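Student:
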Amino acid sequence: MAKAGTVRANVQFIQTPAGDDLAILPRADYDRLVALAAEAQEDADASRVVRASLRAVKEGREVVLPISVADRLAGGDNPVRAIREWRDMTQGELAVAVGISQSYLSEIETGRRKGPAGLQKKFSRALGVPTDLLID
Numbered sequence: 181m182a183k184a185g186t187v188r189a190n191v192q193f194i195q196t197p198a199g200d201d202l203a204i205l206p207r208a209d210y211d212r213l214v215a216l217a218a219e220a221q222e223d224a225d226a227s228r229v230v231r232a233s234l235r236a237v238k239e240g241r242e243v244v245l246p247i248s249v250a251d252r253l254a255g256g257d258n259p260v261r262a263i264r265e266w267r268d269m270t271q272g273e274l275a276v277a278v279g280i281s282q283s284y285l286s287e288i289e290t291g292r293r294k295g296p297a298g299l300q301k302k303f304s305r306a307l308g309v310p311t312d313l314l315i316d
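Residues are numbered in this note's numbering as their position in the sequence shown, beginning at 1, plus a constant of 180.
Put into structure tokens, the structure is as follows:
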């Protein structure tokens with residue numbers, strides 16, 4: 181019995197008059213080899229993506245949110261509030277960090293006001309997350 185990941189094929193080897201070595205195998209075996217090669221390529225591609233993502237997280241270019249925060253965002257919670265609370269910051273601390281009043285921040289978190297794009301960038305820096313994560 182073949183080990184996992186090995187392929188048994190009925191292969192016939194011949195040499196052409198020009199001296200080239202050829203392998204002849206049934207079409208079903210060939211198709212199976214092509215499918216396995218495609219799967220191996222997909223696995224290699226996925227591995228590269230995972231390594232790049234882990235490197236980006238380690239270098240601080242990407243953030244991994246806890247599932248509790250992701251659930252809150254998916255449930256429609258204000259992203260600034262959800263991430264601020266995850267970062268264990270008070271409204272006052274975040275307001276000072278971005279240069280606005282605590283009451284203005286409260287209005288943003290409750291959806292009564294929207295801040296300008298420049299403010300979103302300040303929130304992003306203060307909270308340590310990409311700006312696009314803060315957009316409702």
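Even glycine gets a Cβ: it sits at the ideal position worked out from N, Cα and C. Since the structure is predicted, the reported quantities are computational estimates derived from the model, not experimental observations.
#1: Taking the straight line between their C-alpha atoms, what separation do you get for Ala277 and Glu265?
#2: Residue range of the alpha helix (DSSP H) that Arg247 falls in?
#3: How would you call Glu289, buried or exposed, if buried means at least 16 neighbouring beta carbons within 10 angstroms?
#4: Check whether the segment 257–272 and the segment 214–224 touch, using three or more Cβ-Cβ pairs below 8 Å as the test.
#5: Whole angstroms is fine: what's the gap from Asp253's alpha carbon to Val237's?
#6: Using a 10 Å radius around the Cβ and a threshold of 16 neighbouring Cβ atoms, would you call Ile315 buried or exposed?
#7: So, is Phe303 buried or exposed, given that buried needs 16 or more other C-beta atoms within 10 angstroms?
#8: Taking the alpha-carbon positions, what's the Gly308 to Asp225 distance?
#9: Leaving out five residues before and five after Thr196 in sequence, what residues of the same chain have Cβ atoms less than 8 Å from its Cβ?
#10: State the DSSP-derived secondary structure class of Leu285, mapped to helix, strand or coil.
#11: Starting from Ala203, trace the alpha helix (DSSP H) in both directions and tell me its first and last residue.
Tutor: Looking at the atomic coordinates:
#1: 15 Å
#2: The sequence as given places Ile at residue 247; Arg does not occur at that position. Looking at the DSSP string, the run of the alpha helix (DSSP H) that includes Ile247 is Ile247 to Ala254.
#3: buried
#4: no
#5: In the sequence on display, residue 253 carries Leu and not Asp. Leu253 and Val237: Cα-Cα distance of roughly 20 Å.
#6: exposed
#7: buried
#8: 29 Å
#9: Leu202
#10: helix
#11: It is not in any alpha helix (DSSP H) - Ala203 instead sits in the beta strand (DSSP E) that spans Asp201 to Ile204.
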